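Let me begin by presenting the structure, written as structure tokens, before commenting on it.
Protein chains: 2
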Amino acid sequence: MLLIAHVAGITSIAASIYLFYYINKQDRGNKKMIEISEAIRIGADAYLKRQNITLAGFVFVMAIIIGILLGFNVALAYIFGAICTTIASFFGMAAAVRANVRTANAARKSLKKAFSVGFYGGAITGLSIVGMALLGVSILYYFYPEHLDVILGFSFGASSLALFAKAGGGIYTKTADISADLVGKVELGIPEDDPRNPAVIADNVGDNVGDVAGMGADLIDSYIACLVAAMILGATMGVTFVVLPLLIAAIGTFASLIGMFFTRFKRDNPGAALNRGTFSTFLFFTILTFLLVYSLGIGDRGLGVFFATLAGLIAGMIIGITTDYFTSIDRTPVLRTAEAAKSGAAINILSGFSYGMMSVVPPVIGICAAILASWYLAGIYGVSNVYGVAISAVGMLSIVGMIISADAYGPIVDNSKGIAEQSGLGGKVIRIADRLDAAGNTAKAITKGFAIGAAALTVLSLFVAYSELVGIKSLDLINPYVIVGVFIGAITPPFLCALLILGVEKNASRMVEEVRRQFREIPGLVKGKTKPDYAKCVDIAAKGALKELITPCVLAIVVPIAVGFLLGKHALGGFLGGSIFTGIIFALLMANSGGTWDNAKKYIEAGFLGGKGSEAHKSAVIGDTVGDPFKDTAGPTINTLITVMALSASVFAPLIVVYALV
Amino acid sequence: MLLIAHVAGITSIAASIYLFYYINKQDRGNKKMIEISEAIRIGADAYLKRQNITLAGFVFVMAIIIGILLGFNVALAYIFGAICTTIASFFGMAAAVRANVRTANAARKSLKKAFSVGFYGGAITGLSIVGMALLGVSILYYFYPEHLDVILGFSFGASSLALFAKAGGGIYTKTADISADLVGKVELGIPEDDPRNPAVIADNVGDNVGDVAGMGADLIDSYIACLVAAMILGATMGVTFVVLPLLIAAIGTFASLIGMFFTRFKRDNPGAALNRGTFSTFLFFTILTFLLVYSLGIGDRGLGVFFATLAGLIAGMIIGITTDYFTSIDRTPVLRTAEAAKSGAAINILSGFSYGMMSVVPPVIGICAAILASWYLAGIYGVSNVYGVAISAVGMLSIVGMIISADAYGPIVDNSKGIAEQSGLGGKVIRIADRLDAAGNTAKAITKGFAIGAAALTVLSLFVAYSELVGIKSLDLINPYVIVGVFIGAITPPFLCALLILGVEKNASRMVEEVRRQFREIPGLVKGKTKPDYAKCVDIAAKGALKELITPCVLAIVVPIAVGFLLGKHALGGFLGGSIFTGIIFALLMANSGGTWDNAKKYIEAGFLGGKGSEAHKSAVIGDTVGDPFKDTAGPTINTLITVMALSASVFAPLIVVYALV
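Chains U and Z are the protein sequences, given in the same order.
Each residue of the first sequence is one higher than the one before, counting from 4 in this note's numbering.
Each residue of the second sequence is one higher than the one before, counting from 4 in this note's numbering.
Here you go:
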């Protein structure tokens, strides 16, 4: 049976390599376009190389610690996990920085052609990363069927990469974005993506390293973690239930491939094409999963697994749709927030922030429904309740191949728009790029909600798996250690958010100084007669991002271990619970308020409420800038942070049980 | 023994009446001053009367429901609780609106005299409200020694008033403040407290109804609730432990009276005088508590109670001090946030928000330490652990008489400054008023931290008391109902915050329109030749506040009951836990980020980084406006919200146990 997982992983990787060749075959367009896209590619490569060197050092140190404390095999799996995901995300990025210019060039021909190039470019990331993850886990399980702690090590390695990619990429992209906007748009009044702006290449690079590499790594990290959690919780019911999560994941991968086939283009609507792809993936996944559990010979228990999977999938959809409501340009929250900009920046910010806080409610209710439903439906058919919850997370994440593909499409078309503007391809091409971009924004919003929901359920499963590993039968909230653990867990996400946002702020102020300096000191730059020093800005963004990510990343790994050793395993259980409760709230609040401000600004820019240049627009730009690190740095990093914390606790659980002070 | 509590309550009330006569005897100054202060007094009276009429309707409906479901005595106690606290807070407000003008007049003589009038004016609120609360609880206990549910009803009544006062007053004050600033300062560039601004009287009224009435009600609501929780948890150990919280509270009241005596004025430093008063209260309270537990004849268990009390007091101090660090004008967070304003409003907001998230850490660690310490110290000496935690909350809150007094001093001197400016009393008087005001700001910051810490420990005690009432032995976090309960509890504070902030926003936009209209339509207003229509703005603020407070207040009562009936008592227990975890985080985040922005603006206004009128100043004003409803509406209301939710759950606990669906 395990062979299915191997085959799915290999097929997925093969498909992504095929698509890479397909993209590479496309024409890059004129000289100017090639020049710009090369600058972006080189910047992105340079950053990822630096990030990977820093990561390698980090992984090396961690591997030694893990090797000494937990054994050679776990350390090896940890390194293997980090390498697999690094290769996959590097490959995805390499594809994205090649697809952007080719999408721009295809847009000179037709919307349809451009959409294909953009979407298949994104699919490379989705397929390569899912393939590597699934293959990695299933190979490890093949060699160490009795040692799930080794697979836990693999997951921890993947999460370490994800944390670096998400935090570093997030700081990088927003450093560049904010600096480009503050000096370019606000101070000098030059348009977005203007080639005179020294930060513009760094900004384009940021879209790739932040959104493509970052988001891919983020989802894949939850994906692997939820597989491991489900395998651990399945162990009590027999080997079939340990393999089952891998099989469901394999089916999800096949369904994603079929879904991509259906991401066809009809009636000139890229948004509809993406939705059709996602919907067919849902459908095929549901049918195939039913056939799978039916054929496994586990009787009624198969139905329990099937319904739990379905509960997760539906919850994922609910979260996606509600996220979309709160950030869509034609709905009340965005319209009211745009309206509020007329009364000044402060009122605009208060409005977006309030809607962000409200947006937390529907997804959390969705998660609660998924928990209760999967718990019960599993229980009714004789599957262990907690396994049901873990399987619902697997259900949510199994179609991650399609989700990442639709998501990575976003920054590719965003970049292609930037390239089109910088190379002066003219109105028609830019309008096509705009339409591709608008569809990308919705997909991006849905993915974020999906990623957060999946992370919550995954960490919840890890939390239960942790309790299983340390032998906690009950985690009593009236026990003072548990309460204290929950409190400390609850303050950790906002504290790490603060570090990340301050990191962006510090780094952005460095770059703002540099951009101002260039405009001041390079003669003829403002008039467009000379070229700015793009490389200098790219360098500042990269150096700063790597500097600012270290503290939050180390804390995410060290704090849970410290809580475990100092306050005991019950406190650590409470800590994990607390980190989920506030983690999901802050993640949603930040992602959605940021999205609301962003689209409120876009609404005004579309000509309403005074349009570009009005007082309302200035206010909305301030709101959007506040939202930048909210939605693209701190918010999405929280998912990974809480996953890493839960994995850190689970990996070191055997030691905590023995050596804890309490 | 109970007599001590009666005596303390009566003494406290008597002292406040005496001080009221003392204040009333002071001279009100010239005709202009009298005119302005009368406008404020009439506005505040009018608002409070309206609020109390709305509250009366609410209490009437609730009392009928309670009477039918839980019996006549509980309903009566509920009404009694609402009436006692309403009278006390109305009396305190009446004193504050009389003390403000007299403080301004005294400032024409000397700083020392003005400080006395301001401080004693604040002490009236502190003493009357503590006296009424203590007397009310001790009288009810005298008549219903076996029915703690009746005292729970009293507490619920007091909390209903607190919720209205806090939410309504908070919306009122920020509606007026934001509108006055947006049109006056930002659009027209006229100074703060300028008599030409139609919103200026509403703004002064707001300081009174928001800060004096609101904050007093907030603390007293925690005060009563923690007494009840401790009494319920003490019942298992015998009657002495039921009476003990009342005795500690009585001692705290005496200590506060002594402390006020020591709030003397030396070396021209009002801040030092306030600190001396607070410190002597701490000291006398500690000594007297030790003597009390020693004389009670409960042996070593007395020591357990004493140490638990001390743990609460010390935690209260830590929270106060750390809050002060994050919002003080001469410390890193404020300085960095002010510096950030140079890069624009967005960076200023990101900085203050990040420090706000960081500021959550030390107080929560303080609360955790108090929990662990009081739990253990009580346990060591044979007192029940949970009683220890409840007593630490009592310890924190028992000196609330002094705390409220120092706090109510703030808005009085703030108002006196406004009156001095509007009546043109000249530079010297305004400088004195400024110095009084600066001391008031610190006291206000400390009180807020204190109020939040106390609310957290109180609700924690209520949460344990609730578990006792519904007979829950353990609240297992791995149980799906508990997890779902925690999730729903966790999203409730941010959701209610969102409603409150949007309420302020909606109301402020109404008032902004009105202020703009007056400047446009009243001839000669901008030049100061005619008077604006103050009453119209006062009316908008009042009507809007009452309209916007209803939804969050009703939800705070209904949601816990709904969770209890639909998902069962375990889910409701989890709900209460969840509401504390995020409640305290959002309360601290909002209060402290708001304080940071406020003082960053004041720092720039003091002439640094370009001073008033610079770009940095404009950015800081935007930050301050975002912070206004954070720190004065949503943040402080959360304390009361989580208390009301816990009381709502506890009051209806007997029904939930019987009729819950699960």
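For each residue, glycine too, the CB sits at the ideal point set by N, CA and C.
Keep in mind that this is a model prediction, so the values were computed, not measured.
- At a cut-off of 8 Å between beta carbons, E608 of chain Z makes no contact with chain U.
- Minimum Cα-Cα distance from I481 of chain Z among the listed residues U:A548, U:C556, U:I553 and U:N388 corresponds to U:N388.
- Chain-order list of chain Z residues neighbouring A348 of chain U: A348 and I625, by C-beta distance under 7 Å.
- Judged by DSSP secondary structure, E551 of chain Z falls within the alpha helix (DSSP H) whose first and last residues are Y537 to E608.
- Listed along the chain, the chain U residues whose CB falls inside 8 Å of the CB of S408 of chain Z amount to none; the nearest CB is some 30 Å away.
- Between the segment 216-232 of chain U and the segment 74-94 of chain U there are three or more inter-stretch CB-CB distances shorter than 8 Å, so the stretches are counted as touching.
- Apart from the 5 residues on each side of it in sequence, A161 of chain U sits with its Cβ closer than 6 Å to the Cβ of G84, T88, D224 and I227 in its chain, given in chain order.
- Contact of S512 of chain U with chain Z by beta-carbon distance below 8 Å involves A343, S346 and I350.
- The alpha-carbon of F63 of chain Z is positioned some 34 Å away from that of L353 of chain U.
- By the criterion of a C-beta distance shorter than 7 Å, R513 of chain Z is surrounded in its chain by I543 and G547, once the five residues flanking it on both sides are discounted.
- The count of Cβ pairs closer than 8 Å, one atom from the segment 97-110 of chain U and one from the segment 174-183 of chain U, stays below three, leaving the stretches out of contact.
- With 16 or more other CB atoms across the displayed protein chains lying within 10 angstroms of its CB, M593 of chain U is buried.
- Scanning its chain for C-beta atoms nearer than 7 Å, with the 5 sequence neighbours on each side dropped, one finds around A66 of chain U the residues A78, Y81 and I82, in chain order.
- Relative to L260 of chain Z, the option among Z:I127, Z:L230 and Z:T335 whose CA is nearest is Z:I127.
- Counting along the chain, no alpha helix (DSSP H) covers Q29 of chain U, and no H or E run does either.
- For T106 of chain U, the nearest beta carbon of chain Z is not closer than 8 Å to its own beta carbon.
- Nearest CB-CB separation between V562 of chain U and chain Z: not below the 8 Å threshold.
- By the rule that beta-carbons nearer than 8 Å mark a contact, G577 of chain U touches chain Z.
- In terms of beta-carbon proximity, L185 of chain U lines the interface with chain Z, with at least one pair separated by less than 8 Å.
- The beta carbon of D197 of chain U sits closer than 7 Å to the beta carbons of G187 and V203 from its chain, once the five residues preceding and following it are set aside; these are given in chain order.
- D479 of chain Z has U:D479 as its beta-bridge partners, per DSSP.
- About 25 Å separates the Cβ atoms of T450 of chain U and A501 of chain U, ruling out a contact at the 8 Å cut-off.
- If you ignore the 5 residues before and after M405 of chain Z, its C-beta comes within less than 8 Å of the C-beta of G129, A258, S259, G262, M263, G280, T281 and T284, all in its own chain and listed in chain order.
- Look at the beta carbons and you see the segment 307-323 of chain Z not touching the segment 335-354 of chain Z: under three pairs across the two are nearer than 8 Å.
- Within chain Z, the C-beta atoms nearer than 9 Å to that of L480 of chain U come from F466, S470, S477, L478, D479, L480, V485, V489, G576, G577 and G580, in chain order.
- Cβ contact annotation for K35 of chain Z (same chain, cutoff 6 Å, sequence separation greater than five): S426, in chain order.
- Taking 9 Å as the upper bound on Cβ-Cβ separation, chain U lies near residues N388, V389 and V392 of the segment 382-406 of chain Z.
- Fully contained in the segment 81-142 of chain U is no beta strand (DSSP E) run of length 3 or more.
- Annotation: Y147 of chain Z is outside any alpha helix (DSSP H) and is labelled neither H nor E by DSSP.
- The alpha-carbon separation between L249 of chain U and E618 of chain U amounts to approximately 55 Å.
- Counting of Cβ neighbours within 10 angstroms places L6 of chain U among the exposed residues, the total staying below 16.
- With the rule of 3 Cβ pairs closer than 8 Å, the segment 23-32 of chain U does not count as touching the segment 515-527 of chain U.
- Taking 8 Å as the CB threshold, T326 of chain Z stays off the interface with chain U.
- For G255 of chain U, the enclosing alpha helix (DSSP H) covers residues V242 to F265.
- Annotation for P526 of chain Z: no alpha helix (DSSP H) segment contains it, and DSSP assigns it neither H nor E.
- A distance below 8 Å separates the beta carbons of I494 of chain Z and V367 of chain U.
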